[in-house]
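First up is the structure itself, then whatever we jot down about it.
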Amino acid sequence: MTCWRLPSLMARAKEFLPDKSYRGEAVTRLPIRIWLAHWLAALLCFGLALAIILRAGLPERVESTGDLPQQVAPAVGHPAPIFRLPDVSGEAVTLTQGDAAFTLLYFWSTGCAPCRQEMPALGGLQTSQPLRILAVNMGENANLVRDWVDQLGLSYTVLLDPALAVARAYHIRGLPSAFLLAADYRIVAVYYGPVRIQQLRRDMAGYARHG
2 MTCWRLPSLM ARAKEFLPDK SYRGEAVTRL PIRIWLAHWL AALLCFGLAL
52 AIILRAGLPE RVESTGDLPQ QVAPAVGHPA PIFRLPDVSG EAVTLTQGDA
102 AFTLLYFWST GCAPCRQEMP ALGGLQTSQP LRILAVNMGE NANLVRDWVD
152 QLGLSYTVLL DPALAVARAY HIRGLPSAFL LAADYRIVAV YYGPVRIQQL
202 RRDMAGYARH G
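Numbering of the sequence shown is given in my numbering, commencing with residue 2 and proceeding in unit increments.
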């Protein structure tokens, strides 16, 4: 089915309009049907395009049923997708290893300017809070990531996600993005964009008080 643009559609419609000198129904019926068919086709194409834009435009924040784990974004209060990835030295790291009260799962890349600004500060937070940080790099070369870690002097765990499998599981659509997890690996808070240190502290303190 061809999706006509409105100007070309109107031009084609004029070709099919009956001459005013003809009054017979048999002469006008077929051209009108053709004109209506093209008009309805254009409306249908427009409707489909609008539906696709609305569907893909924003991250989904729907409640997970557990039946479609790859089709909905993880939400606050729900279990975080468990994964295993290599760190920059090649050692396998699992999300659930460790005994910290909280885990900050931080998605980043070397081309992310806010990431460069805030990642060193996050290291200081890990030393002063019951917090474990896992910084997941999205699809970049291991040597490039190691150089970045050395330049910034990062002391926390940096993981490699070369196939973006974990990024897809968490529906990452922009950087930085971060998830604060409780000790049972349920999601406490989600941060789209730079992580505000004071907000992160408040979220941990609030969850520690009220659970």
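Ideal Cβ placement from N, Cα and C applies to all residues, glycine included.
Where residue i sits in the DSSP three-state scheme
| i | result |
| --- | --- |
| residue 83 | coil |
| residue 185 | coil |
| residue 150 | helix |
| residue 132 | strand |
| residue 204 | helix |
| residue 172 | coil |
| residue 115 | helix |
| residue 197 | coil |
| residue 155 | coil |
| residue 101 | coil |
| residue 24 | Any reading at residue 24 must be qualified, since the residue scores a pLDDT of 44, below 50, and its modelled position is unreliable; the value itself is stated next. Looking at residue 24 - three-state DSSP - the assignment turns out to be coil, as it is neither helix nor strand. |
| residue 78 | coil |
Nearest-angstrom Cβ-Cβ length linking residue i and residue j, presumed shorter than 8 Å
| i | j | result |
| --- | --- | --- |
| residue 170 | residue 107 | Actually they are not in contact, since the Cβ atoms of residue 170 and residue 107 sit about 15 Å apart, beyond 8 Å. |
| residue 143 | residue 94 | Not confirmed; about 14 Å, so no contact. |
| residue 155 | residue 110 | Contact flag wrong, Cβ pair sits at about 14 Å. |
| residue 140 | residue 165 | 5 Å |
| residue 132 | residue 105 | 6 Å |
In DSSP terms, what residue i is bridged to
| i | result |
| --- | --- |
| residue 144 | None, per the DSSP bridge assignment. |
| residue 225 | For residue 225 there is no data in the structure shown, the boundaries of the chain being 2 and 212. |
| residue 137 | 108, 160 |
| residue 88 | 160 |
| residue 95 | 85 |
Cα-Cα separation, residue i to residue j
| i | j | result |
| --- | --- | --- |
| residue 55 | residue 128 | Residue placement at residue 55 cannot be trusted, given a pLDDT of 44 that sits under 50; what the coordinates show is reported in the next sentence. So the two alpha carbons sit approximately 43 Å from each other. |
| residue 192 | residue 97 | 20 Å |
| residue 184 | residue 102 | 5 Å |
| residue 149 | residue 204 | 29 Å |
| residue 194 | residue 136 | 14 Å |
| residue 126 | residue 212 | 21 Å |
| residue 76 | residue 83 | 14 Å |
| residue 121 | residue 145 | 17 Å |
Minimum C-alpha distance to residue i - residue among the options
| i | options | result |
| --- | --- | --- |
| residue 207 | 194, 195, 190, 136 | 190 |
| residue 134 | 199, 158, 151 | 158 |
| residue 87 | 167, 197, 151 | 167 |
| residue 162 | 85, 112, 152 | 85 |
| residue 130 | 115, 116, 112, 181 | 181 |
| residue 199 | 119, 211, 187, 151 | 119 |
| residue 114 | 212, 153, 210 | 153 |
| residue 91 | 122, 174, 202, 147 | 147 |
| residue 100 | 186, 197, 172 | 186 |
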